[in-house]
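Here's the structure we're looking at; comments come further down.
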Amino acid sequence: MDNGLTRALRQLGAQFNSRIWRLGFAARFFLAIMLHSGTSLRRIHLTIREIYFTGVLSLIIILVSGLFVGMVLGLQGYDTLARYGSTEALGVLVALSLVRELGPVVAALLFASRAGSAITAEIGMMKATEQLSAMEMMAVDPIARVVAPRFWGGVISMPLLAALFSAMGVFGGYLVGVQLIGVDEGSFWAQMQASVDFREDILNGVIKSFVFGIIVSWVAVFEGYDAEPTAEGVSGATTRTVVTSSLAILAADFVLTAFMFTGT
Amino acid sequence: MSRTTLDLWVGFFVAVGLGALLFLALKVGNLASTSSGETYPIYAKFDNIGGLKVRGAVKSAGVVVGRVTEIRFDPEAYLGVVTIQVDARYKFPRDTFATINTSGLLGEQYIGFEVGGDTAMLKAGDTIKKTQSAVVLEKLISQFMFNKAAEDDGGKK
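Residue numbers (this note's numbering), protein chains in the order written: chain A, 15 to 278; chain B, 2 to 158.
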């Protein structure tokens, strides 16, 4: 009984310890990426290749999801606004919710599961098949050659994908609201432009998506690099990437929103 | 995949992404309409600003002529002081009357300028003297109720 209790406590302590250890390692890893990112910027084709894999190949899922999210917002928003007789505000509702929140957050969540998991799996497999060690043997730094380009590819892709998501969503809201339901087109756009501020809303959304890009890319490359070099370890790391980065995105979104949109 | 097609796709992706950002800035946001204009500050003191917010519109004859940039409390006069940035293209007489209005029944509150007849114009940093506070719905209702009650009493006597 007493023995079981101490064992449980010991396990808890060990788990806590290893979490802290991983966090410290992740921070040091982030610093290493920063220090080695000069190479990935000088040999720009490495980063461009990663933008292709993370950004261009995520285009379809981002565009289609953005369109559908915007269309759902249009339908639901119209339903609620119609009760208050202010359906002209549909444009404002769709645009603000997309630009401020849904665009950055949903795009980042999709990005984490579409591209983040792929990055982790790729780096994890490289580690499992000892390609990373082979690089070190050839005096090629794997962080500069493999990790940093993937990190920067993700960071650059994310704001562009979020902007595309928002733009597509606004278009979806326009399709449903104006073309399908018949909200007045002029007031849809005019009210939207009157209430959406470039600096307050759009730029803050871009900053959000940039931060999410850093979070997702960092978690993805770290989990890959830290994965146990077995097939099981890689699959575990891929799962952890999606879970950790999704939670981190939502938590960071709360903090950023608290800073950005409660100033008045 | 050869490198040139890959570059093409990435270039396409970046161009489309920036295009989306431009679309958001110009079509969805208000970058095109407000950024370029020069403005000058004017102050207005209100007994009660109601639900007025920073970035609220300032309208004259229904046209947006400026924005509310700051709202603070004057601890000596116990008044709300609103800083308004007025578009430099427009000048208003010194006896302009500033009122806080509501667009629609539940809509956002904005400041309306009703232009007076003074020949002297408001300069940067001037304070508007004649203001009308926001209408507080509760006060309006209670006033109405008291009036009704008073009328009923009179009828009985």
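We treat Cβ as the ideally placed atom computed from N, Cα and C, and that holds for glycine.
Helix, strand or coil: which one does DSSP assign to residue 190 of chain A?
Three-state result, residue 190 of chain A: helix.
Using alpha carbons as the reference points, say which of A:241, A:218, A:273 lies closest to residue 118 of chain A.
Out of A:241, A:218, A:273, A:218 has the C-alpha closest to the C-alpha of residue 118 of chain A.
Is the shortest distance between the beta-carbon of residue 271 of chain A and the beta-carbons of chain B less than 8 Å?
Closer than 8 Å: no.
Let me know the beta strand (DSSP E) ranges lying completely inside the region 26 to 84 of chain A, each 3 residues or longer, listed in chain order.
The region 26 to 84 of chain A contains no whole beta strand (DSSP E) run of 3 or more residues.
In chain order, what residues of the same chain lie with their CB nearer than 7 Å to the CB of residue 225 of chain A, ignoring the 5 residues before and after it?
The answer, listed in chain order, is 266, 270.
Listed from N- to C-terminal order along the chain, which residues in the region 115 to 126 of chain B have their beta-carbon within a distance smaller than 9 Å of any beta-carbon of chain A?
Listed in sequence order: no entries.
How close, in whole Å, do the beta carbons of residue 64 of chain A and residue 164 of chain A come, if the pair is a contact with beta carbons under 8 Å?
Correct: roughly 5 Å between the Cβ atoms.
Going along the chain, which residues of the region 68 to 98 of chain A sit with their C-beta nearer than 8 Å to a C-beta in chain B?
Listed by position, the residues of the region 68 to 98 of chain A near chain B (Cβ gap below 8 Å) are 69, 70, 73, 98.
At 7 Å on the CB atoms, spell out the chain A contacts of residue 25 of chain B, in chain order.
Ordered by position in chain A, the residues that pass the 7 Å Cβ test against residue 25 of chain B are 113, 177, 180, 181, 216.
Can you tell me whether residue 265 of chain A is helix, strand or coil according to DSSP?
Residue state, collapsed to three classes: helix.
I need the DSSP call for residue 278 of chain A, collapsed to helix, strand or coil.
Because residue 278 of chain A carries a pLDDT of 49, less than 50, the predicted location of this residue cannot be relied on, and the following value inherits that uncertainty. If DSSP states are grouped into helix, strand and coil, residue 278 of chain A belongs with coil.
Near residue 190 of chain A, which residues of its chain fall below 7 Å by C-beta distance, leaving aside the five closest residues on each side in sequence?
Once the five neighbours on either side are set aside, the close Cβ partners of residue 190 of chain A are 85, 88, 89.
The alpha helix (DSSP H) spanning residue 141 of chain A covers which residue range?
Segment 131 to 142, the alpha helix (DSSP H) holding residue 141 of chain A.
Relative to the C-alpha of residue 121 of chain A, which residue among A:106, A:55, A:182, A:93 is closest?
Residue A:182 is the option with its Cα nearest to residue 121 of chain A.
Tell me, please, whether the region 83 to 99 of chain B touches the region 110 to 120 of chain B by the rule of three or more beta-carbon pairs shorter than 8 Å.
Verdict: yes, contact present.
In its own chain, which residues sit with a C-beta less than 8 Å from the C-beta of residue 145 of chain B, not counting the 5 before and 5 after it?
There are no such residues.
By Cβ distance, which residues of its chain are closer than 8 Å to residue 73 of chain A, with the 5 residues on each side in sequence left out?
Once the five neighbours on either side are set aside, the close Cβ partners of residue 73 of chain A are 175, 178.
With DSSP as the reference, please indicate the residues paired to residue 41 of chain B in a beta bridge.
Paired residue(s): B:87.
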